[in-house]
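FYI, in full-length UniProt numbering the residues of the sequence shown are 1 to 234.
Even for Gly, the Cβ is constructed at its ideal location relative to N, Cα and C.
Note that the coordinates shown come from a computational prediction; the quantities given were computed from them, not determined experimentally.
Since the structure comes first, as structure tokens, the remarks are kept for the end.
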Amino acid sequence: MPEHLIFQLVATIGAMGEFAGHDRRGSLGLPGRSSVIGLLGAALGRRRDHEFSDLEALGIAVASFGRTGHLRDYHTVQTVPSAAVKSPQSRPQALREAAAKGRVNTVLTSRDYRTECVFGVAVWGGDLPALAAALRQPVFQVFLGRKSCPLSAPFDPQRVTADDPAQALAHLRLPPWIGARQMVEIVAEEGVGLGAPARLETRHDRTVDRERRHFGPGRYSVAHPALSAGEVPS
């Protein structure tokens, strides 16, 4: 049986990337492949311009344990029409000069979050001992999407052997205040066995340009195995 590295992502709120525009930044229901790669890179101390080919080659599956809720936060942002200020040296200067002319506009923007996040991640095919060590002592602070979304429990990484990622994630030790949870769904790249019938979805979660945050489409399997995690041994 193949070896998997499994770990948990538990947070009160999280933001898992979706199409992002100026007015709205959405959130998927669970972390995508690129989110996990970025998280592992942060734990290893890598910056965006560092090498990520070893992490891009990993097999990755993400499962949700419980339904998340939806939270929307609103922001107001001051903007300056391009015709109001010519060649400003900084945004503060542009705002000062535009305000003096009565030319400052206000735009309402929104940020979407998911609440009560309990996820499990299975990784295989790479240097699992090094990844486990990084998750125990991350170099950079790790968040569940945005800096306003801190984790509420340690990763608790474990190396386990299992037939597939879903079976591996059944070994998760969820925090005691959460207890045992049924696996709601699990997502992995097309072709990965998940131990249950799966449907295929296209998600824009393949890294094209990490520095510019450009992502392309990928095909993913989504399954709903009858498995639980966090069971207390009898």
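- The alpha carbon of Val187 has as its nearest neighbour, out of Ala42, Leu55 and Glu201, the alpha carbon of Glu201.
- Residue pairing of Glu201 in beta bridges, as defined by DSSP: Tyr220.
- The way I'd put it, the stretch 73-82 doesn't touch the stretch 46-64; fewer than three beta-carbon pairs between them come closer than 8 Å.
- Excluding five sequence positions before and after Gln158, the CB atoms of its chain that fall closer than 7 Å to its own CB belong to Ile6 and His171, given in chain order.
- Taking C-beta separations shorter than 7 Å and ignoring five residues to either side along the sequence, the partners of Arg199 in its chain run Val222, following chain order.
- Taking the Cα of Gly216 as reference, the smallest distance to any Cα among Ser228, Ala132 and Arg33 is reached at Arg33.
- For Ala11, the closest of Phe65, Ala43 and Arg48 by C-alpha to C-alpha distance is Phe65.
- The beta-bridge partner set that DSSP reports for Cys149 is empty.
- In the same chain as Gly14, and ignoring 5 residues on each side of it, the C-beta atoms closer than 6 Å to its own belong to Arg114, Cys117, Leu144, Gly145 and Cys149, in chain order.
- An exposed status is given to Val107, since fewer than 16 other beta-carbon atoms sit within 10 Å of its beta-carbon.
- Per the DSSP secondary-structure output, Thr79 pairs in a beta bridge with Asn105.
- With 16 or more other CB atoms across the displayed protein chains lying within 10 angstroms of its CB, Gly230 is buried.
- Of the residues Glu3, Gly41 and Gln137, the one whose Cα lies closest to the Cα of Ser53 is Gly41.
- Boundaries of the beta strand (DSSP E) around Gly59: Gly59 to Ser64.
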